[in-house]
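**Q** Using my numbering, the letters of the sequence shown correspond one by one to residues 8 to 468. All residues carry an ideal CB built from backbone N, CA and C; glycine is no exception. If you're wondering where the values come from, they're calculated on a predicted model, not measured in any experiment. First, the structure itself, so that you have it in front of you.
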Amino acid sequence: MQSARFRGAQRSIAAVAVTGMAVAALAGCTGSGGSGGGGGEGGSATSGTVDWWGWTPEQAVAEEYISAFNEEYPDITVNFRQLTIDGYEAALRPALASNTGPDLFDIAPGAQFVQFGPNGTDLTEQVSEALGDDWEDKLAPIGVAGLTDEDGALRGIPVGSTFAGPVWINQQIFDEQGLTPPTTVDEWVSVCEKLEAADIGCFVQGASQVAFDQDTIQAIADTINPGLFTKATRGEAEWTDPDLVEAFATWQRLFDEGIMQEGALGVQQYPDANNAFMAQDYAMVMMGTWYMQFTRPNNMTLAIEAAGVGGAEPFNMTPIPFPAATAEGTPGAMFGDANYGLVVNTKADARNAATTFAVWLGTSEEGQQIVANALNDIPSLTSVQPDWDTIELVNPEVQRPKLEELYERAATVTDNRLLPNSDLADAIGNAATTLAAGDVTPEEATETLQSAAESAGVTFQ
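Okay, structure coming up:
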């Protein structure tokens, strides 16, 4: 399943799904041939044209990055081409095999890095020059690890990280209905009943995109036995562990007891679930830290308009910890990786200019501050935090404390979200969808998943 393999692409995909821009309308659609601008092999490091392909960031955010970069490097033109998520790998594969591909491209950790990482130049030396010999101490370890190959070469510079686990709520709806955000699944069922009685959708998820199903199941599992899901992906625990069986049973419960919207298995997270939440048809959606960007009024207005709502008015949305499966559980675990890394194509004519941009965005105080303030990614440079006093929020009094808390929680994350084994990701997705459809029991689903994991090459201890 494509969506299972391409988990990294789906962490910050508001770029395409929210803005709804067609690929043909995006800037920078030309290839890299002849764009080096002189300066010998790889072109000049301070001038030329760089063609950047990616599924993220959101177009307006990319323009913020490029505009700030051009204040320091006015002679380097960066054209960002924004591709659809589902079509990204299909477009990138032949482009990299030819001489007309991008100079610079996004890459996600996990299976995608395994596939496309060898097409990138080793950027270790350039990052070391920018940050010093102790550069690894200055960048978030979770980002560097996912973009470094087995030989220790840094094939992509992490721009920032994203983390899944939170649920986002329409705070205005909750306030109007006099509701308290749920902390357990039992409370969640009760909240949904009250919202439905008020003719308001409760929770929306695109269960046809199984990468997001994996997010939800991992979040559920971490409320029961923190870290057990990650251990199972590494072969350190079996999928038939009773706590994981309970997690999958709770996933099924979301469908059986009306938390999941009717027809969820026929809905995509992007654009469907995202648009439904932005249109305020539903009060809750499961998204990660990348959703922080829509606490900014301009970004939310664009998102609401893209959802088909006229006269868009930004609303107050806030993150809450994922509700615990049981009253004894621990709500709110998070897991994540580098959102994406910037990879310099080994065949690019403008390699040096592309490297200049990638290093600037991923390692400089200026570039990383722009990243932080965009609220799309949590910056890789650990010394940089959002300048909350200058960031405009829809409702700063309510949202700022919640966002600061989310940042603090993200800083403690050690569990990964992405899987290097795409067959295992597919197997988890199959277990999720067959359970949701009521075709199997949780015990049967986890037994099948265990067998599939072994067939996928996972060695269990």
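Just verifying my parser: in three-state terms, what is the DSSP assignment at Thr421?
**A** Counting from 1 along the sequence shown, the entry for residue 421 is found at position 414. DSSP places Thr421 in coil when its eight states are reduced to three.
**Q** Name the two residues that bound the continuous alpha helix (DSSP H) containing Val68.
**A** Your numbering for residue 68 matches position 61 in the sequence shown. Here the alpha helix (DSSP H) through Val68 covers Gln66 to Glu79.
**Q** Closest to Ala104 by C-alpha separation, out of Trp395, Ile266 and Asn126, would be which residue?
**A** If you number the sequence shown from 1, residue 104 lands on position 97. Of the listed residues, the one whose Cα sits closest to Ala104 is Asn126.
**Q** Let me confirm a value: Lys201 is counted as buried when at least 16 other C-beta atoms fall within 10 Å, else exposed. Which label applies?
**A** Within the sequence shown, residue 201 is the residue found at index 194, counting from 1. Exposed, because fewer than 16 other Cβ atoms sit within 10 Å of the Cβ of Lys201.
**Q** Considering only residues of the same chain and omitting the five flanking positions on each side of Leu413, which have a CB-CB separation below 8 Å?
**A** As a first step, residue 413 is located in the sequence shown; it is residue number 406 there, counting from the start. So the qualifying residues of the chain are Pro173, Thr296, Met299 and Pro326.
**Q** Quick check: what's the CA-CA separation for Gly117 versus Ala381?
**A** As a first step, residue 117 must be located in the sequence shown, where it is residue number 110. As a first step, residue 381 must be located in the sequence shown, where it is residue number 374. Rounded to the nearest angstrom, the two C-alpha atoms are 25 Å apart.
**Q** Thinking Phe342 and Gln225 are a contact (beta carbons under 8 Å), I'd like their distance in whole angstroms, please.
**A** Sequence index remark: in the sequence shown, residue 342 carries index 335 (1-based). Sequence index remark: in the sequence shown, residue 225 carries index 218 (1-based). Correct: roughly 6 Å between the Cβ atoms.
**Q** Kindly indicate which three-state DSSP category Val217 falls into: helix, strand or coil?
**A** In the sequence shown, residue 217 corresponds to position 210, counting from 1. Three-state result, Val217: helix.
**Q** Quick check on Phe467: buried or exposed, where buried means 16 or more other Cβ atoms within 10 Å of its Cβ?
**A** Position 460 of the sequence shown, counted from the start, is the residue given in the question as residue 467. Exposed: under 16 other Cβ atoms inside 10 Å.
**Q** Is Ser462 helix, strand or coil by DSSP?
**A** For the purposes of this step, residue 462 is identified with residue 455 of the sequence shown, where counting begins at 1. Residue state, collapsed to three classes: helix.
**Q** Compare the Cα-Cα distances from Phe322 to each of Arg260, Lys354, Val401 and Met294 and report the closest residue.
**A** By one-based count along the sequence shown, residue 322 stands at place 315. Measuring from the Cα of Phe322, the nearest candidate turns out to be Val401.
**Q** With H, G and I counted as helix, E and B as strand and the rest as coil, what does DSSP make of Thr5?
**A** Because the chain in this structure spans residues 8 to 468, residue 5 falls outside the shown range and cannot be described.
**Q** Taking the straight line between their C-alpha atoms, what separation do you get for Gly213 and Gly55?
**A** Position 206 of the sequence shown, counting from 1, holds the residue named residue 213. Position 48 of the sequence shown, counting from 1, holds the residue named residue 55. Whole-angstrom Cα-Cα distance: 42 Å.
**Q** Classify Trp60 as helix, strand or coil using the three-state DSSP reduction.
**A** On the sequence shown, position 53 is the one that residue 60 refers to. In this structure, Trp60 counts as strand in the three-state DSSP scheme.
**Q** For Val121, which of helix, strand or coil comes out of DSSP?
**A** As a first step, residue 121 is located in the sequence shown; it is residue number 114 there, counting from the start. Three-state DSSP puts Val121 in a helix.
**Q** Below 8 Å between beta carbons: does that hold for Val198 and Leu368?
**A** To locate residue 198, count along the sequence shown from 1; it is residue 191. To locate residue 368, count along the sequence shown from 1; it is residue 361. Not in contact: Val198 and Leu368 (Cβ atoms no closer than 8 Å).
**Q** From Thr63, Trp62 and Asp110, pick the residue whose C-alpha is nearest to that of Phe364; which is it?
**A** Here residue 364 is taken as the residue at index 357 of the sequence shown, counted from 1. Among Thr63, Trp62 and Asp110, the Cα nearest to that of Phe364 belongs to Asp110.
**Q** Candidates Asn86, Ala443, Arg424 and Leu186: which alpha carbon is nearest Ala340's?
**A** Within the sequence shown, numbered from 1, the residue matching residue 340 stands at position 333. Answer by Cα proximity: Arg424.
**Q** Can you tell me where the beta strand (DSSP E) with Leu349 in it begins and where it stops?
**A** Locating residue 349 in the sequence shown gives position 342, counting from the first residue. Phe342 to Val351 is the span of the beta strand (DSSP E), which, as asked, contains Leu349.
**Q** Quick one: grab the DSSP three-state call for Pro189.
**A** The residue given as residue 189 occupies position 182 in the sequence shown. Of the three classes helix, strand and coil, the one that applies to Pro189 here is coil, per DSSP.
**Q** Skipping 5 residues on each side, what residues in its chain have a beta carbon closer than 8 Å to that of Thr397?
**A** Stepping through the sequence shown from its first residue, residue 397 is reached at position 390. Only Asn380 meet the Cβ criterion.
**Q** Is it buried or exposed for Ala418, if we count other Cβ within 10 angstroms and need 16 for buried?
**A** The residue given as residue 418 occupies position 411 in the sequence shown. Burial call: exposed.
**Q** At the level of alpha carbons, what is the spacing between Ala313 and Asn282?
**A** Sequence index remark: in the sequence shown, residue 313 carries index 306 (1-based). Sequence index remark: in the sequence shown, residue 282 carries index 275 (1-based). Going from the Cα of Ala313 to the Cα of Asn282 covers about 7 Å.
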